[in-house]
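Read through the structure below, which is laid out as structure tokens, and then see the notes.
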Amino acid sequence: MIKTPREVNEIITALTRLGYEAFAVGGCVRDSLLGREPEDWDITTSARPEQVKGIFKRTIDTGILHGTVTVMKNHVGYEVTTYRIDGEYEDGRHPKSVEFTSSLREDLRRRDFTINAMAYSQDTGIVDEFGGMEDLRAGVIRCVGNPMDRFQEDALRILRAIRFSAQLGFSIEEKTREAIRVIAPRLVKVSKERIQMELTKLLLSGHPEKIQEVYALGISPYISPWFHQINREHLEISPRLPEKKYIRWAALLKDTQAEDVVCILKDLKMDNDTIFGVRLLNQWIYRDIPVHKPAIRRAMSQMEPEYFDGLLMIKGLSGCQTADQIAALAEEIRCDGDCISLKTLAVSGKDLLEAGVTPGKQVGEELARLFDYVLEHPEENRREVLLPRILGDFLTEAEGMV
Ligand code: ATP
Ligand code: MG
Numbered sequence: 000m001i002k003t004p005r006e007v008n009e010i011i012t013a014l015t016r017l018g019y020e021a022f023a024v025g026g027c028v029r030d031s032l033l034g035r036e037p038e039d040w041d042i043t044t045s046a047r048p049e050q051v052k053g054i055f056k057r058t059i060d061t062g063i064l065h066g067t068v069t070v071m072k073n074h075v076g077y078e079v080t081t082y083r084i085d086g087e088y089e090d091g092r093h094p095k096s097v098e099f100t101s102s103l104r105e106d107l108r109r110r111d112f113t114i115n116a117m118a119y120s121q122d123t124g125i126v127d128e129f130g131g132m133e134d135l136r137a138g139v140i141r142c143v144g145n146p147m148d149r150f151q152e153d154a155l156r157i158l159r160a161i162r163f164s165a166q167l168g169f170s171i172e173e174k175t176r177e178a179i180r181v182i183a184p185r186l187v188k189v190s191k192e193r194i195q196m197e198l199t200k201l202l203l204s205g206h207p208e209k210i211q212e213v214y215a216l217g218i219s220p221y222i223s224p225w226f227h228q229i230n231r232e233h234l235e236i237s238p239r240l241p242e243k244k245y246i247r248w249a250a251l252l253k254d255t256q257a258e259d260v261v262c263i264l265k266d267l268k269m270d271n272d273t274i275f276g277v278r279l280l281n282q283w284i285y286r287d288i289p290v291h292k293p294a295i296r297r298a299m300s301q302m303e304p305e306y307f308d309g310l311l312m313i314k315g316l317s318g319c320q321t322a323d324q325i326a327a328l329a330e331e332i333r334c335d336g337d338c339i340s341l342k343t344l345a346v347s348g349k350d351l352l353e354a355g356v357t358p359g360k361q362v363g364e365e366l367a368r369l370f371d372y373v374l375e376h377p378e379e380n381r382r383e384v385l386l387p388r389i390l391g392d393f394l395t396e397a398e399g400m401v
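Everything in the sequence shown is counted per numbering that gives the first Met the number 0, starting at 0 for the first residue and increasing by one.
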């Protein structure tokens, strides 16, 4: 019923041959049943970590204490985890304590949602103890067992529920929703980085608009006070935006003040590249770019091409009527090879010094002036045109000074 990679079958067979149980489990089973390509394959087994290590040639101690050994096959790692019962979670990632068990059912019961609590092997087929198949068919995210208890154990599951609903286009079952509302305050115990990773996955999904749920379900105050206060009047994040982290976050924060944008992202331990990109787009989103090549060249000169394209996408999807026209002109500017960077200006600082410009800040100012001129007149970006302009201008200035 499920097509498992050869390496996964080999691992399962090696374990079962020695009398252990072993299954593909969790996300890979869910995604396979949905006809989606699983990102990775996890295996659950009755064998203890030391036993797993004894069977395979190349293994890595990924999380021995939690029962996880990574088995390497053809340079790909497969996490093999011993059946376990989890204690309370510490930071939304690792339970404080784990207890190994010999029961697959127990291992499936500790998992967050019914759709994530199925196992599969070629010999046994699908093991579905908690109605995962039915929920998969109905498009429902439902906790395994009592949702209040499950969110209490690990509040990160609250965000995982919304994130899966956004990735799969599923709805959240009523009791699970209700529990989210009640347990939301416990999110303050979850590490900011884990929260950020879930929000990022949500924003990068096919349904980024489901970020609304974070507000609707009363979760936002527990992410951060700044996050809670963002201006949500026009919070429409189009799934048509490129699946780039900085673009999706910029779309979420487009009506938020620059200082607050930085507070939100720093608090969530966002990486510096993303913060840079979001800030840049945030500054430019409502800045008018006239449909006029010199103005477009000027805007293009202020940022890397990738950011400029991202900016036009957001502008277009945020109601800027001229975004397409600007994009078409930007394309022409690129095809024509117009100079939009000091790097491709036909004269350099060295040329200016040789032409008699005083070393120091005057060189920068003069370069900027010439660059400005070329942004208006790209066809003039030639040494023979620009060199005389330096000389000419400086001679006149010098004469004026006498
Ligand atoms: P994806 O890899 O797309 O994020 P996934 O379902 O594989 O989705 P992982 O975080 O890789 O999610 O976890 C693998 C499996 O481990 C899940 O399918 C689920 O069964 C279980 N799991 C992960 N995190 C939790 C958690 N916080 N609480 C309970 N079970 C969890
Ligand atoms: Mg996974």
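Glycine included, each C-beta is placed from N, C-alpha and C at the ideal position.
Nearest-angstrom Cβ-Cβ length linking ARG83 and VAL97, presumed shorter than 8 Å: 5 Å
Going by CA-CA distance only, name the one from PRO238, LYS243 and GLN211 that's closest to ASN230. GLN211
Separation of TYR19 from THR81, as counted between CA atoms: 10 Å
Provide the residue(s) that pair with PRO238 in DSSP beta bridges, ordered along the chain. None, per the DSSP bridge assignment.
Reduced DSSP category for CYS27 - H, G, I as helix; E, B as strand; rest coil: helix
Looking at the unbroken beta strand (DSSP E) that takes in MET117, where does it start and where does it end? 117–120
Just jot down, in chain order, the residues whose CB lies closer than 6 Å to any heavy atom of the ligand MG. GLY26, GLU38 and ASP39
Roughly how many whole angstroms lie between the Cα atoms of ILE194 and GLY217? 15 Å
Member of ILE325, GLN256, THR123 and ASN8 whose CA lies at the smallest distance from the CA of ALA298: ILE325
GLY168 in three-state terms, based on DSSP: coil
Mapping the DSSP letters down to three states, classify MET196 as helix, strand or coil. helix
Within the same chain, show all residues whose beta-carbon is closer than 8 Å to that of ARG247, passing over the 5 residues directly before and after it, in chain order. THR199, LEU202, LEU203, PRO207, ILE236 and LEU240
Taking 7 Å as the cut-off, is the C-beta of ALA183 nearer than that to any heavy atom in the ligand ATP? no
Is it right to say PRO146 is buried, meaning 16 or more other beta carbons lie within 10 angstroms of its own, or is it exposed? buried
Local conformation of ALA397 per DSSP, three classes: Here the model assigns ALA397 a pLDDT of 45, short of 50, so the residue's position is not dependable, and the following value carries that caveat. In the structure shown, ALA397 sits in a helix (DSSP, three-state: H, G or I).
Indicate whether ARG149 and CYS142 have their beta-carbon atoms separated by less than 8 Å. yes
Considering only heavy atoms of the ligand ATP, does any lie closer than 7 Å to the CB of LEU155? yes
Beta strand (DSSP E) segment containing GLU208, residue limits: No beta strand (DSSP E) holds GLU208; DSSP gives it neither H nor E.
Taking VAL277 as part of the alpha helix (DSSP H), name the residues at either end of that continuous run. 271–283
Rounded to the nearest angstrom, how far is the Cβ of VAL187 from that of TYR221, given a contact under 8 Å? 5 Å
Can you grab the Cα-Cα spacing for the pair CYS334 / TYR285, in whole Å? 27 Å
What residues match up with VAL362 in a beta bridge as DSSP calls it? DSSP output for VAL362 lists no bridge partner at all.
So the candidates are LYS314, ILE389 and GLY138; which of them puts its Cα closest to the Cα of ILE171? GLY138
Please find out if some non-hydrogen atom of the ligand ATP comes closer than 7 Å to the beta-carbon of ASP111. yes
State buried or exposed for ASP134, treating a residue as buried only when at least 16 other CB atoms are found within 10 Å of its CB. buried
Below 8 Å between beta carbons: does that hold for TYR306 and THR273? no
ASP111 and ARG159: beta carbons closer than 8 Å? yes
How is TYR245 classed by DSSP in three states: helix, strand or coil? helix
Of all the options GLU365, VAL346, PRO184 and GLU303, which has the alpha carbon lying nearest to the alpha carbon of ASN380? VAL346
Residue of ILE332, ALA327 and ILE157 minimising C-alpha distance to PRO184: ILE157
Measuring straight from C-alpha to C-alpha, what distance separates VAL189 and GLY318? 37 Å
What does the alpha-carbon distance come out to for the pair CYS338 and LEU344? 6 Å
Once the 5 residues before and after LEU64 are set aside, which same chain residues still bring their CB inside 8 Å of it? VAL97
Flag ARG159 as yes when its Cβ comes closer than 7 Å to any non-hydrogen atom of the ligand ATP, and as no otherwise. yes
Close beta carbons around PHE55, own chain, < 6 Å, minus the five adjacent residues each side: VAL70
What number of angstroms, rounded off, separates the C-alpha of THR395 from the C-alpha of PRO387? Unreliable placement is indicated for THR395, whose pLDDT of 47 sits below 50; the coordinate value is still reported in the next sentence. Those two C-alpha atoms are separated by around 12 Å.
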